[in-house]
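Peer 1:
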Amino acid sequence: MSEENTIFQDALGRLDEAQKYATIDEETLQRMQYPIQILQVSIPVRMDDGSLRIFKGYRVRHDDTRGPTKGGIRFHPQVDLEEVKALSLWMTCKCAVMDIPYGGAKGGVIVNPKELSPLELERLSRGFIEKMADFIGPDRDIPAPDVYTNERIMGWMMNEYSNIVRRHSPGVITGKPIALGGSQGRATATGRGAYHCIKQLEKKRGWKPANTTVAIQGFGNAGQGVAELLHHDGYRIVAVSDSQGAIYREEGFDVPSIMHAKNESRELKAVYCEGSVCESVDAQKLSNEELLELDVDILIPAAMENAITKDNAKNIKANVIVEVANGPITVEADAILGKRKDVLVVPDILANAGGVTVSYFEWVQNRCGDYWEEEHVFHRLEQTMCKQFEKVYDMMKEHEVPMRTAAYTLALNRIGAAVASTGTVRYFSGQE
Ligand code: NAD
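Here you go:
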C-alpha cells in the first residue's frame, strides 16, 4: 500500500485546518469523512461496429444535510473513485460557501469520449442514467456538466431520466441547452463568477485595469469567460495557454479575436482585430510551465488539477492567483504559497462557484416553470458572488488565515449549523 495520501484524504486535510477557526461541533467533521452514498455501475454499450463494451462509472453523494446533493459528471479516462469522492466533498463545501441550499455530489465514467462516435456517446450517456435513475432526482441528487461533458449530453440525460420516470423532469439535471430548460447565462457563469471576485479585489487594491496584467492557463469555457470580461474592462491579458502551448504579448491581447481564432480553428493563434480587419501579431511562444511563472499581477489557472506543485510554487511571481480550475494548487504547493504574505489565492470553492450558482438558478426556474431574462440571472449572480466573497474576505482578515482556510471555515460553519439543528451529542446528552 502506498504511504501517500489519497486525493480525498488531502481534501479532508483542508477541513482540519479550517476546523480550528470554525464554531462547529466535531460531529460535523466526522460526517464530512464519510460520503453518505456511493454507487458503482457497469454500463454496457453497443458500439457502432456491433461489439459490446462495458464502461465503469461512479456517483458519490457526499452530504445532504443542507439540501439535495449537487455536482457534475465527468467523462475522462483517469476517473477514479477517490477523485470522485474528493470532488463531491469540494461540492459540499462550495455549495455551503455560496449559501446555496444543496449538499455535494460528483459522478464520473472511465472513458475517453474523444474515441466515441456521437451515437456511442449518446448510448453511454443514456446508459449511465439508466443505471443511476433510482439514485438521482430533482429532490435528491442533481447532476451537471463537468470535464468532457456538455449541454447536449445533459439534454440526453434529462430526456432519458424523464422517459424512465414517465414525466418531464427538467429539474433532474442542470447545464442543459436553453431549448430544453437550461438557464440564460449558464454557459459563461463560471468565468463571470471569477470576474466578480477580481472586481471586488480591484476595489480593495485600487487596481487600474490598464496597468494590471493577467495570465490565463487554459483557454476553454471558463478561461475564455473570465478573459472576455476582464478584457472588456481594460485589463491587459498578456498570456493565455491551452494544452498545446502558450502565447505572450506584453501589450496584451485582443481577447475576442483570440477566442474567435481558437474556436474556429481549435488552435491558439495570436490575432489582433481592429474593426473588421484581423491581423496576425507578433506573439512570443511560451511553454505551459513558463506561463505559470510569468511576472504578472493576476494568474488564473483555468485548466486541470495540480498545475502548481511543490516543484514550481517557489517560482510563481503573481501576487494574486484566482483558482478557476478545481484543485489547481496541490496541498504541498499551497503550504509553500501560504508562507508568502505577498501572495493571495482566491480558492476554487469560491472563485469557480459561479457555475453551480447559475445551476441552482436553473433548477429554481425548472421547478417553478418561470424563466428569467439573462440580465436577471447576471444580476443575481453578481449579488451572490460579491456577498459571499466579502464574507470570506472578512473571515480571512478576522483570523489572519489564507483565503482558502477562510472559505472552508465559512462552509464548515454553515454545514455545522445544519448538523447542530438536527441535534448532536450535546443536545442528546442534555448539555444544551
Ligand atoms: P474546457 O475543456 O472547456 O477547457 C479546458 C482548457 O484547458 C482547454 O483549452 C485545454 O486545452 C486547456 N488545457 C488542458 N491542459 C492544459 C495544460 N496543461 N496547460 C494549459 N492548458 C491546458 O474546460 P472548462 O469547463 O473551462 O473547465 C476548466 C476547469 O474549470 C476545470 O478544472 C473545471 O473543473 C473547472 N470548472 C469549470 C466549470 C464550468 O462551468 N465550465 C465550473 C467549475 C469549475
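Using our numbering, read the sequence shown as starting at 143 and increasing by one per residue. Note that beta-carbon positions come from the ideal geometry of N, C-alpha and C, so glycine has one too. Just so it is clear, the structure is predicted and the values come from calculations on it, not from any experiment.
Taking 7 Å as the cut-off, is the C-beta of F395 nearer than that to any heavy atom in ligand 1?
Peer 2: No, the Cβ of F395 stays beyond 7 Å of every heavy atom of ligand 1.
Peer 1: Cα separation between V187 and R265?
Peer 2: Cα to Cα, V187 sits roughly 6 Å from R265.
Peer 1: I need the DSSP call for F277, collapsed to helix, strand or coil.
Peer 2: Coil at F277, not helix or strand.
Peer 1: From what residue to what residue does the beta strand (DSSP E) around H218 run?
Peer 2: Here the beta strand (DSSP E) through H218 covers T211 to H218.
Peer 1: Let me know the alpha helix (DSSP H) ranges lying completely inside the segment 208-270, each 4 residues or longer, listed in chain order.
Peer 2: Listed in chain order, they are 223-239.
Peer 1: Closest to N457 by CA distance: which of G214, P177, L433 and V543 is it?
Peer 2: It is L433.
Peer 1: Could you tell me which of N494, A559, K483 and A495 sits nearest to V543, measuring between CA atoms?
Peer 2: The option with the nearest alpha carbon to V543 is K483.
Peer 1: I471 lies in the alpha helix (DSSP H); which residues open and close that run?
Peer 2: Careful: I471 lies outside any alpha helix (DSSP H) and carries neither H nor E.
Peer 1: Threshold first: 4 residues or longer. Then list the alpha helix (DSSP H) segments lying entirely within the segment 164-206, N to C.
Peer 2: Whole alpha helix (DSSP H) segments, 4+ residues: 168-174.
Peer 1: Relative to the C-alpha of D288, which candidate in P351, G250 and E262 has its C-alpha closest?
Peer 2: Ranking P351, G250 and E262 by Cα distance to D288 puts G250 first.
Peer 1: Output the boundary residues of the beta strand (DSSP E) element that contains I400.
Peer 2: Taken as a continuous stretch (DSSP letters only), I400 belongs to no beta strand (DSSP E), being part of the alpha helix (DSSP H) at V397 to S407.
Peer 1: Comparing the CB of M446 with every heavy atom of ligand 1, is any distance shorter than 7 Å?
Peer 2: Because some heavy atom of ligand 1 lies under 7 Å away, the Cβ of M446 counts as near it: yes.
Peer 1: Is any heavy atom in ligand 1 found nearer than 7 Å to the beta carbon of N454?
Peer 2: No, ligand 1 has no heavy atom inside 7 Å of this Cβ.
Peer 1: Step through the CB atoms of chain D and report whether any lies within less than 8 Å of the CB of R268.
Peer 2: This model lacks chain D altogether, as it is built from one protein chain only.
Peer 1: Distance check for I358 and K411, CA to CA, integer angstroms please.
Peer 2: Looking at the two C-alpha atoms, the distance is approximately 15 Å.
Peer 1: Rounded to the nearest angstrom, what separates A562 and V382 at their Cα positions?
Peer 2: Straight-line Cα distance between these residues: approximately 46 Å.
Peer 1: Let me confirm a value: F570 is counted as buried when at least 16 other C-beta atoms fall within 10 Å, else exposed. Which label applies?
Peer 2: F570 should be labelled exposed.
Peer 1: Does the pairing of the segment 390-399 with the segment 476-493 give three or more beta-carbon distances under 8 Å?
Peer 2: Touching, no, given that fewer than three Cβ pairs across the two stretches are closer than 8 Å.
Peer 1: Considering only DSSP beta bridges, list what P312 is partnered with.
Peer 2: Note: P312 sits in no beta bridge, so no partner.
Peer 1: Under a three-way DSSP split, which group does P489 fall into?
Peer 2: Looking at P489 - three-state DSSP - the assignment turns out to be coil, as it is neither helix nor strand.
Peer 1: Please go through the same chain and pick out, in chain order, the residues whose beta-carbon is closer than 8 Å to the beta-carbon of A425, but skip the five residues on each side of it.
Peer 2: The residues are I389, Y390, R391, F395 and A412.
Peer 1: Buried or exposed: which applies to R347, given that a residue is buried once 16 or more other Cβ atoms fall within 10 Å of its Cβ?
Peer 2: Flag for R347 reads exposed.
Peer 1: Thinking just about the alpha-carbon of each residue, which of R378, K427, K162 and T472 is nearest to the one in V438?
Peer 2: If we check each option's Cα against that of V438, R378 comes out closest.
Peer 1: Tell me whether S383 counts as near ligand 1, meaning its Cβ is closer than 7 Å to at least one heavy atom of that ligand.
Peer 2: Yes.
Peer 1: In the DSSP output, which residue or residues are listed as bridge partners for G387?
Peer 2: Partner(s): D384.
Peer 1: For the alpha helix (DSSP H) containing D152, name the first residue and the last one.
Peer 2: Here the alpha helix (DSSP H) through D152 covers I149 to Q161.
Peer 1: Is A467 near ligand 1, judged by its Cβ being under 7 Å from some heavy atom?
Peer 2: Checking every heavy atom of ligand 1 against the Cβ of A467, one is found closer than 7 Å.
Peer 1: Report the rounded CA-to-CA distance for L486 versus F503, giving the unit in angstroms.
Peer 2: Approximately 30 Å between the Cα atoms of the pair.
Peer 1: Please return the same chain residues whose Cβ sits closer than 6 Å to the Cβ of I180, not counting the five positions on each side in sequence.
Peer 2: V202, listed in sequence order.
Peer 1: Just the C-alpha distance for D283 and H541, rounded to the nearest angstrom, thanks.
Peer 2: In a straight line, the C-alpha of D283 is about 34 Å away from that of H541.
Peer 1: Just verifying my parser: in three-state terms, what is the DSSP assignment at V543?
Peer 2: V543: coil per DSSP, three-state reduction.
Peer 1: Have a look at E302, A321 and N430 and flag the residue whose alpha-carbon is nearest the alpha-carbon of E272.
Peer 2: Of the listed residues, the one whose Cα sits closest to E272 is E302.
Peer 1: By how many angstroms is the C-alpha of Q175 removed from the C-alpha of T211?
Peer 2: Computed Cα separation, rounded: 16 Å.
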